[in-house]
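Structure record follows, encoded as structure tokens.
Have a look at this one:
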């Protein structure tokens with residue numbers, strides 16, 4: 008059987024190129040008079056009609072306790088689970104036997120922002136943040152040390168939608 | 042050299058510099074306007090960082106293009122590759138010299154400069170760099186030379202996309218050159234002369250030719266779009282098909298030259314449309330400006346010319362950001378199967394009409410003559426735009442006769 012192609016008959020009697028062109032011109036002219044919808048980003052940051060999701064996974068933040076020390080107990084779960092191997096953790100122990108991180112560094116260039124570190128953390132210490140302005144002048148500045156992670160103030164990710172915790 | 046000739050020479054040089062400068066500056070501002078207009082059509086803001094409201098954007102672009110590295114493909118033909126931008130640029134700039142941009146200016150001076158001698162000028166100075174007696178024939182001739190720049194650019198780049206762009210440009214520009222030339226013959230019939238000055242003078246006494254020669258105006262405008270390679274006829278560029286067409290391999294100032302050429306071509310076509318169909322620098326319904334003289338008249342008519350030209354430039358951009366690009370075969374079909382036929386038939390109809398109205402009926406009032414041609418054009422426009430325009434002008438993507446094995450359903 009021959010291969011057939013279904014061809015629809017063109018409605019040649021109903022279409023008019025001139026009228027269609029004029030219609031298009033009218034439409035674009037209307038748009039010329041409408042106000043622009045551009046948000047001029049660095050100067051203008053709209054909080055109302057444009058917000059990022061609470062589930063956004065951005066650069067990290069280390070939460071602290073009331074005395075300003077990091078909540079981290081240097082258990083080693085986050086470097087273990089990290090798929091990008093971007094967390095460097097050297098544990099230390101104080102005279103009371105409490106473990107704390109001697110060195111805690113995250114290489115934000117290696118990080119894939121999966122959020123596993125936050126999920127695995129038993130102390131709710133390390134979090135991925137709802138934050139996106141990360142520009143720096145040097146590459147070295149993208150390795151965040153403990154002090155810097157603690158100094159971040161942006162909100163932390165919820166990782167899931169509180170109204171839909173099972174992701175349904 | 043006589044003092045009179047020296048005076049003439051001095052004024053000509055001044056006019057040349059002024060026109061050249063004005064065209065280049067307008068090209069720069071037009072690039073900004075194009076971007077602004079496209080932004081407004083798309084509900085955006087457009088460039089607004091350089092200078093107040095983005096006014097310094099063209100200067101920034103120019104500076105960037107001057108300082109950028111120029112890349113030449115290894116297998117390009119170096120001589121032609123370098124020459125092509127100039128070959129596109131020069132004809133585009135040349136054309137601005139033959140279009141009258143204001144009423145004649147009565148200017149009298151008589152002074153002596155050491156070493157150079159005496160300069161004298163008496164009477165009216167036409168505000169046109171070269172008042173050529175061949176008028177728009179010169180424009181038609183030179184604007185077709187501009188195609189060489191594009192074809193050679195496409196060929197010398199040694200790039201298949203550029204080559205295709207160049208080929209398309211030559212086919213398209215040659216095809217629409219014909220329609221453009223034919224569409225101007227009714228103007229010649231009505232005005233009796235090809236010189237721009239005479240055509241404007243004829244329009245001042247009667248009606249602007251846009252009404253009595255509406256279809257000529259239509260064909261001319263469409264061919265103008267095609268000649269300047271503007272959308273919807275930007276086949277040579279066609280970035281979605283040919284990368285950037287003929288100038289894909291060009292960078293820095295050489296690319297800029299093509300850009301300037303395109304915009305200068307736009308200015309020329311807009312100015313020609315204004316001159317041939319919208320009375321040039323004529324201010325409508327008044328007679329005080331018709332002969333020129335004082336500086337006020339020159340300034341007012343110049344302003345009239347500039348604002349009319351500006352309207353057409355905006356129309357060019359408006360159309361560009363509205364209509365999608367034609368398919369290549371549709372461009373050819375529209376040019377060869379519709380525009381040329383329309384222009385040819387129109388010549389015959391208008392020649393008959395002129396014979397009947399002016400010889401047989403013997404009308405002499407220019408307004409009466411204009412009105413009768415306008416009435417004829419309303420009928421013709423109805424025939425073309427309403428009766429003919431039923432999918433008959435441009436064939437669709439489906440061949441009229443189905444190929445073997447194609448089942449037509451409807």
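Chains as they are written, first to last, in our numbering: chain A, 8 to 175; chain B, 42 to 451. Just so it is clear, CB atoms sit at the ideal spot from N, CA and C, and this is done for glycine as well.
Subject >> Candidates B:249, B:313, B:197 and B:405: closest to residue 128 of chain B by CA position >> reply: Your numbering for residue 128 of chain B matches position 87 in the second chain. Of the listed residues, the one whose Cα sits closest to residue 128 of chain B is B:197.
Original post:
Just the Cα atoms here: how many angstroms apart are residue 451 of chain B and residue 23 of chain A?
Top reply: The count along the second chain starts at 1 and reaches residue 451 of chain B at position 410. The count along the first chain starts at 1 and reaches residue 23 of chain A at position 16. Confidence at residue 451 of chain B is low in this model, with a pLDDT of 43, below 50, so its placement is unreliable and the value that follows should be read with caution. Rounded to whole angstroms, the separation of the alpha carbons of residue 23 of chain A and residue 451 of chain B is 19 angstroms.
Subject >> Exposed unless 16 or more other CB atoms sit within 10 angstroms - verdict on residue 99 of chain B >> reply: Locating residue 99 of chain B in the second chain gives position 58, counting from the first residue. With 16 or more Cβ atoms within 10 Å of its Cβ, residue 99 of chain B is classed as buried.
Original post:
Unbroken beta strand (DSSP E) runs of length 3 or more, entirely within the region 115-171 of chain B: which are they?
Top reply: DSSP assignment within the region 115-171 of chain B yields the following whole beta strand (DSSP E) runs of 3 residues or more, N-terminal first: 143-147, 150-154, 158-162 and 165-168.
Original post:
Mapping DSSP to helix, strand and coil, what is residue 67 of chain A?
Top reply: Working through the first chain from its first residue, we reach residue 67 of chain A at position 60. Strand, per DSSP.
Original post:
Does the beta-carbon of residue 34 of chain A have 16 or more other beta-carbons within 10 angstroms, so that it is buried, or is it exposed?
Top reply: For the purposes of this step, residue 34 of chain A is identified with residue 27 of the first chain, where counting begins at 1. Burial call: exposed.
Subject >> Anticipated Cβ contact below 8 angstroms, residue 57 of chain B with residue 170 of chain B, distance rounded >> reply: Working through the second chain from its first residue, we reach residue 57 of chain B at position 16. Working through the second chain from its first residue, we reach residue 170 of chain B at position 129. Indeed, because the Cβ distance is near 5 angstroms, the residues count as touching under 8 angstroms.
Original post:
Which term fits residue 203 of chain B, buried or exposed, when burial requires 16 or more other beta carbons within 10 angstroms of its beta carbon?
Top reply: Reading the second chain from its first residue, position 162 is the one you call residue 203 of chain B. Buried is the call here.
Original post:
For the candidate residues B:429, B:138, B:136 and B:162, whose alpha-carbon lies nearest to that of residue 148 of chain B?
Top reply: For the purposes of this step, residue 148 of chain B is taken as residue 107 along the second chain, with counting starting at 1. The shortest C-alpha separation from residue 148 of chain B is found at B:162.
Original post:
Along the chain, where does the alpha helix (DSSP H) that runs through residue 63 of chain B open and close?
Top reply: The residue given as residue 63 of chain B occupies position 22 in the second chain. Counting along the chain, the alpha helix (DSSP H) containing residue 63 of chain B begins and ends at 44-82.
Original post:
Going by alpha carbons, who is nearest to residue 82 of chain A out of A:131, A:13 and A:137?
Top reply: Translated into positions along the first chain, residue 82 of chain A becomes position 75. Selected option, being the one with the closest Cα: A:131.
Subject >> Rounded C-alpha distance that separates residue 347 of chain B from residue 210 of chain B >> reply: Counting from 1 along the second chain, the entry for residue 347 of chain B is found at position 306. Counting from 1 along the second chain, the entry for residue 210 of chain B is found at position 169. Between the C-alpha atoms of residue 347 of chain B and residue 210 of chain B there is a straight-line separation of about 29 angstroms.
**OP:** Please report the Cβ distance between residue 108 of chain A and residue 97 of chain A, rounded to the nearest whole angstrom; I am assuming they are in contact, meaning their Cβ atoms lie under 8 angstroms.
**Re:** Position 101 of the first chain holds residue 108 of chain A. Position 90 of the first chain holds residue 97 of chain A. About 7 angstroms separates the two Cβ atoms, so the contact holds.
Original post:
Among the residues of its own chain, which have a CB less than 8 angstroms from the CB of residue 99 of chain A, if the five just before and after it don't count?
Top reply: As a first step, residue 99 of chain A is located in the first chain; it is residue number 92 there, counting from the start. Closer than 8 angstroms at Cβ, skipping near neighbours: 81, 106, 107, 108 and 109.
Original post:
Taking the continuous beta strand (DSSP E) assigned at residue 111 of chain A, which residues delimit it?
Top reply: Numbered from 1 along the first chain, position 104 holds the residue referred to as residue 111 of chain A. For residue 111 of chain A, the enclosing beta strand (DSSP E) starts and ends at 106-114.
Subject >> Inter-residue Cα distance where the pair is residue 152 of chain B and residue 242 of chain B >> reply: Numbered from 1 along the second chain, position 111 holds the residue referred to as residue 152 of chain B. Numbered from 1 along the second chain, position 201 holds the residue referred to as residue 242 of chain B. Distance from the CA atom of residue 152 of chain B to the CA atom of residue 242 of chain B, rounded to whole angstroms, is 33 angstroms.
Original post:
For residue 277 of chain B versus residue 286 of chain B, is the C-beta spacing smaller than 8 angstroms?
Top reply: The sequence position of residue 277 of chain B within the second chain is 236, counting from 1. The sequence position of residue 286 of chain B within the second chain is 245, counting from 1. For residue 277 of chain B and residue 286 of chain B, yes; Cβs fall inside 8 angstroms.
**OP:** Please confirm if residue 25 of chain A has its CB atom under 8 angstroms from at least one CB of chain B.
**Re:** Within the first chain, numbered from 1, the residue matching residue 25 of chain A stands at position 18. At least one chain B Cβ lies under 8 angstroms of residue 25 of chain A.
Original post:
Beta carbon of residue 312 of chain B, beta carbon of residue 350 of chain B: below 8 angstroms?
Top reply: Taking the first residue of the second chain as position 1, residue 312 of chain B is located at position 271. Taking the first residue of the second chain as position 1, residue 350 of chain B is located at position 309. Closer than 8 angstroms, so yes.
Original post:
Taking 8 angstroms as the CB-CB cut-off, is residue 86 of chain B touching chain A?
Top reply: Here residue 86 of chain B refers to the residue found at position 45 of the second chain. Yes, because at least one Cβ of chain A sits closer than 8 angstroms to the Cβ of residue 86 of chain B.
Subject >> Boundaries of the beta strand (DSSP E) in which residue 265 of chain B is found, first to last residue >> reply: One-based indexing of the second chain puts residue 265 of chain B at position 224. Segment 255-268 is the alpha helix (DSSP H) holding residue 265 of chain B; no beta strand (DSSP E) there.
**OP:** Taking all protein chains shown into account, decide if residue 139 of chain A is buried (16 or more other Cβ within 10 angstroms of its Cβ) or exposed.
**Re:** As a working mapping, residue 139 of chain A is identified with position 132 in the first chain. It is exposed - the Cβ of residue 139 of chain A has fewer than 16 other Cβ atoms within 10 Å.
Original post:
Is the shortest distance between the beta-carbon of residue 28 of chain A and the beta-carbons of chain B less than 8 angstroms?
Top reply: Looking up residue 28 of chain A in the first chain gives position 21. Closer than 8 angstroms to some Cβ of chain B, the Cβ of residue 28 of chain A qualifies, so yes.
**OP:** Please decide whether residue 31 of chain A counts as near chain B, where near means a Cβ-Cβ distance under 8 angstroms.
**Re:** The sequence position of residue 31 of chain A within the first chain is 24, counting from 1. Output row for residue 31 of chain A: interface = yes.
**OP:** Measure the C-alpha to C-alpha separation of residue 257 of chain B and residue 77 of chain B and round it to an integer number of angstroms.
**Re:** Here residue 257 of chain B refers to the residue found at position 216 of the second chain. Here residue 77 of chain B refers to the residue found at position 36 of the second chain. The straight-line gap from Cα to Cα measures roughly 31 angstroms.
Subject >> Option in B:187, B:217 and B:317 with minimal Cα separation from residue 235 of chain B >> reply: Locating residue 235 of chain B in the second chain gives position 194, where the first residue counts as 1. Of the candidates B:187, B:217 and B:317, the one whose C-alpha sits nearest the C-alpha of residue 235 of chain B is B:317.
**OP:** Would you list the residues sitting across from residue 96 of chain A in a DSSP beta bridge?
**Re:** Locating residue 96 of chain A in the first chain gives position 89, where the first residue counts as 1. Partner residues in the beta bridge of residue 96 of chain A, as assigned by DSSP, are A:111.
**OP:** Give the DSSP-derived three-state secondary structure of residue 105 of chain B in the structure shown.
**Re:** For this step, residue 105 of chain B is matched to residue 64 along the second chain. The answer is helix: DSSP assigns residue 105 of chain B an H, G or I state.
Original post:
Would a check of beta-carbon distances place residue 39 of chain A closer than 8 angstroms to chain B?
Top reply: Within the first chain, numbered from 1, the residue matching residue 39 of chain A stands at position 32. Chain B has a Cβ within less than 8 angstroms of the Cβ of residue 39 of chain A.
Original post:
If you compare alpha carbons, which of B:185, B:429 and B:159 is closest to residue 131 of chain B?
Top reply: In the second chain, the residue the question calls residue 131 of chain B occupies position 90. Checked all of B:185, B:429 and B:159; the closest Cα to residue 131 of chain B is B:185.
**OP:** Would you mind telling me which residues of chain A sit closer than 7 angstroms to residue 364 of chain B, beta carbon to beta carbon, in chain order?
**Re:** For the purposes of this step, residue 364 of chain B is taken as residue 323 along the second chain, with counting starting at 1. Neighbours of residue 364 of chain B on chain A, chain order: 28 and 31.
Original post:
If you compare alpha carbons, which of B:386, B:343 and B:361 is closest to residue 63 of chain B?
Top reply: Here residue 63 of chain B refers to the residue found at position 22 of the second chain. Comparing alpha carbon positions, the residue from B:386, B:343 and B:361 closest to residue 63 of chain B is B:343.
Original post:
Leaving out five residues before and five after residue 158 of chain B in sequence, what residues of the same chain have Cβ atoms less than 8 angstroms from its Cβ?
Top reply: Within the second chain, numbered from 1, the residue matching residue 158 of chain B stands at position 117. Same-chain partners within the cutoff: 42, 44 and 47.
Original post:
Residues bridged to residue 55 of chain A by DSSP?
Top reply: As a working note, residue 55 of chain A is residue 48 in the first chain. Paired residue(s): none; residue 55 of chain A is not in a bridge.
**OP:** Return the CA-CA distance between residue 119 of chain A and residue 31 of chain A, expressed in angstroms with no decimal places.
**Re:** Indexing the first chain from 1 puts residue 119 of chain A at position 112. Indexing the first chain from 1 puts residue 31 of chain A at position 24. Rounded to the nearest angstrom, the gap between the Cα atoms of residue 119 of chain A and residue 31 of chain A is 45 angstroms.
Original post:
In chain order, what residues of the same chain lie with their CB nearer than 8 angstroms to the CB of residue 164 of chain A, ignoring the 5 residues before and after it?
Top reply: Position 157 of the first chain, counting from 1, holds the residue named residue 164 of chain A. The residues are 61, 62, 63, 64, 65, 122, 125, 134, 135, 136 and 137.
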